[in-house]
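**Student:** Residue numbers (this note's numbering): 17 to 218.
Mind looking over this structure? Questions follow.
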């Protein structure tokens, strides 16, 4: 084989190897970016849960429930992290801002295209998938009551990754993460991702 032909073959092999390495490197970079995104969201979730704990330690009671919600025994007035006249309050306990002027429990959370964040006080019973949290999750004496951090308007792929991060498996209606997969706003996003944190009433 002539030297020119050998050189051409070597060049093609080198280019093929370089191309393969580029694909591998690109995939690894994408994976690292996605992992960093999930870790960032999980950090926000954990810090938001800690804000509730700090509030509870100072005030000595749970937040007031938002009576305008339906059902009205699930979502507390999360704005009490930002302002309150309750005795012992030493906030604000978070830098996340209120979403609207009314005290409806929603704070603004627009990271990675999401919309809002708040708490639930709810039992660890089955919900998620096509089943929205409702009267069956209202706290009573039959089961422990948990603090849930709830995020709205989550891309499906991102919701799945959050579920796997906490539960090691995609199981939208079980485990520490619940994903309500309705798309009420018709924007291709899941309505609710809820992450179970600490027991608030045992």
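Just so you know, even glycine gets a beta-carbon here, dropped at the ideal spot from N, CA and C.
All values derive from a computational prediction rather than experimental measurement.
Restricting to Cα atoms, I'd like to know which of 62, 61, 52 and 99 is closest to residue 79.
**Tutor:** Position 63 of the chain shown holds residue 79. When only C-alpha atoms are compared, the closest one is 99.
**Student:** From 120, 152 and 130, pick the residue whose C-alpha is nearest to that of residue 96; which is it?
**Tutor:** Here residue 96 corresponds to residue number 80 of the chain shown, with the count starting at 1. Of the candidates 120, 152 and 130, the one whose C-alpha sits nearest the C-alpha of residue 96 is 120.
**Student:** Taking 7 Å as the cut-off, is the C-beta of residue 62 nearer than that to any heavy atom in the ligand ZN?
**Tutor:** The ligand ZN is not part of this structure, which contains no ligands at all.
**Student:** Report, in whole angstroms, the separation of the C-beta atoms of residue 164 and residue 212, which I expect to be a contact under 8 Å.
**Tutor:** Counting from 1 along the chain shown, the entry for residue 164 is found at position 148. Counting from 1 along the chain shown, the entry for residue 212 is found at position 196. Rounded to the nearest angstrom, the Cβ distance from residue 164 to residue 212 is 5 Å, consistent with a contact under 8 Å.
**Student:** Tell me, please, which residues DSSP counts as bridged to residue 135.
**Tutor:** Mapped onto the chain shown, residue 135 falls at position 119. Partner(s): 165.
**Student:** Across which residues does DSSP place residue 66 in a beta bridge pair?
**Tutor:** Mapped onto the chain shown, residue 66 falls at position 50. Paired residue(s): none; residue 66 is not in a bridge.
**Student:** Based on the DSSP secondary-structure assignment, which residues constitute the bridge partners of residue 217?
**Tutor:** One-based indexing of the chain shown puts residue 217 at position 201. Bridge partners of residue 217: 161.
**Student:** Hey, how far is the Cα of residue 94 from the Cα of residue 157?
**Tutor:** Residue 94 sits at position 78 when you count from the first residue of the chain shown. Residue 157 sits at position 141 when you count from the first residue of the chain shown. Taking the straight line joining both Cα atoms gives about 23 Å.
**Student:** Go to residue 196, then tell me how far its beta strand (DSSP E) extends in each direction, as first and last residue.
**Tutor:** The residue you call residue 196 lines up with position 180 of the chain shown. Segment 193-196, the beta strand (DSSP E) holding residue 196.
**Student:** Tell me which same chain residues have a C-beta within less than 8 Å of the C-beta of residue 108, skipping the five on either side of it?
**Tutor:** Along the chain shown, read from residue 1 onward, the residue named residue 108 stands at position 92. The residues are 97, 98 and 99.
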